[in-house]
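Engineer: This structure is in structure tokens; I'll ask about it shortly.
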Amino acid sequence: MEKIASFTIDHLRLLPGVYVSRKDHAGDAVITTFDLRMTRPNFEPVMNTAEVHTIEHLGATFLRNHPVWKDRTVYFGPMGCRTGFYLLLAGDYESRDIVPLVTEMYEFIRDFRGEVPGAAAKDCGNYLDMNLPMANYLAKRYLEQALYGITEERLVYPE
10 MEKIASFTID HLRLLPGVYV SRKDHAGDAV ITTFDLRMTR PNFEPVMNTA
60 EVHTIEHLGA TFLRNHPVWK DRTVYFGPMG CRTGFYLLLA GDYESRDIVP
110 LVTEMYEFIR DFRGEVPGAA AKDCGNYLDM NLPMANYLAK RYLEQALYGI
160 TEERLVYPE
């Protein structure tokens, strides 16, 4: 079998950042998939499921309520390797186009206090697996390490 595109990226050179993973066509529409890489693969520990789950709930809630992006948001969810998230948006975008949105979302996650949206038995299949303080910390770390003052090497996959 042929390798899928995401397995051809050199994960030994990949830094935390915002990358276009792929662009797909659905009829006349373009769906852009972004790789929101929060940790450096194979060099630092992956995120635990509790904080990943919390970031997923907060990020999805933020995006689905955003005044500009809510109708363009197709999906937001974790990578199986637990080093980041995928964000799928309706439209043909480049990484730099969404840095303000991703920054705003991670500031929301960093600053969020209180009950995590959807963290109840009737709303979620694993509502007890949440860690808000660690999600706050990881969002702050991603902002400081990658998003604030983002450079080209964190916007385009390494060759």
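Here the sequence shown stands for residues 10 to 168, numbered as in the numbering used here. Backbone N, C-alpha and C define an ideal beta-carbon position, used for all residues, glycine too. The model shown is predicted, which means the values in this text are computed figures rather than measured ones.
1. Please classify N145 as buried or exposed, where buried requires at least 16 neighbouring CB atoms within 10 angstroms.
2. Specify the secondary structure class of H34 as computed by DSSP and reduced to three states.
3. Which ranges does the alpha helix (DSSP H) cover as unbroken runs of at least 4 residues, wholly within the stretch 35-82, from first to last along the chain?
4. Let me know the secondary structure DSSP gives P126 once reduced to three states.
5. Quick one: what's got a C-beta closer than 6 Å to G127's C-beta in the same chain, skipping five residues either side?
6. In the DSSP output, which residue or residues are listed as bridge partners for V27?
7. Which value, in whole angstroms, describes the spacing of the CA atoms of V27 and G86?
8. Enumerate in chain order the residues of its own chain whose CB-to-CB distance from R105 is below 7 Å, with the five nearest sequence positions on each side excluded.
9. Which whole-angstrom value is the C-beta distance of P224 and L23, which I expect to be below 8 Å?
10. Counting C-beta neighbours from all protein chains within 10 Å, is the total for E153 16 or more, i.e. buried, or is it exposed?
11. Which term fits E162, buried or exposed, when burial requires 16 or more other beta carbons within 10 angstroms of its beta carbon?
Structural biologist: On the basis of the coordinates in this document:
1. Residue mapping note: residue 145 aligns to position 136 of the sequence shown, counting from 1. By the neighbour-count rule (16 or more Cβ atoms within 10 Å), N145 is buried.
2. Your numbering for residue 34 matches position 25 in the sequence shown. In the displayed model, H34 falls within a strand according to three-state DSSP.
3. Qualifying alpha helix (DSSP H) stretches, in chain order: 58-74.
4. On the sequence shown, position 117 is the one that residue 126 refers to. DSSP, read as helix, strand or coil, puts P126 in coil.
5. Walking along the sequence shown from the start, residue 127 turns up at place 118. Around G127: H66, C133.
6. Reading the sequence shown from its first residue, position 18 is the one you call residue 27. In DSSP, V27 forms a bridge with L45.
7. To locate residue 27, count along the sequence shown from 1; it is residue 18. To locate residue 86, count along the sequence shown from 1; it is residue 77. The C-alpha of V27 lies about 14 Å from the C-alpha of G86.
8. Counting from one through the sequence shown, the residue named residue 105 turns up at place 96. So the list reads L164, once near-sequence residues are dropped.
9. Shown here, the chain extends from 10 to 168; a query on residue 224 therefore has no answer.
10. Translated into positions along the sequence shown, residue 153 becomes position 144. So E153 ends up on the exposed side.
11. Translated into the one-based positions of the sequence shown, residue 162 becomes position 153. With fewer than 16 neighbouring CB atoms inside 10 Å of its own CB, E162 falls in the exposed class.
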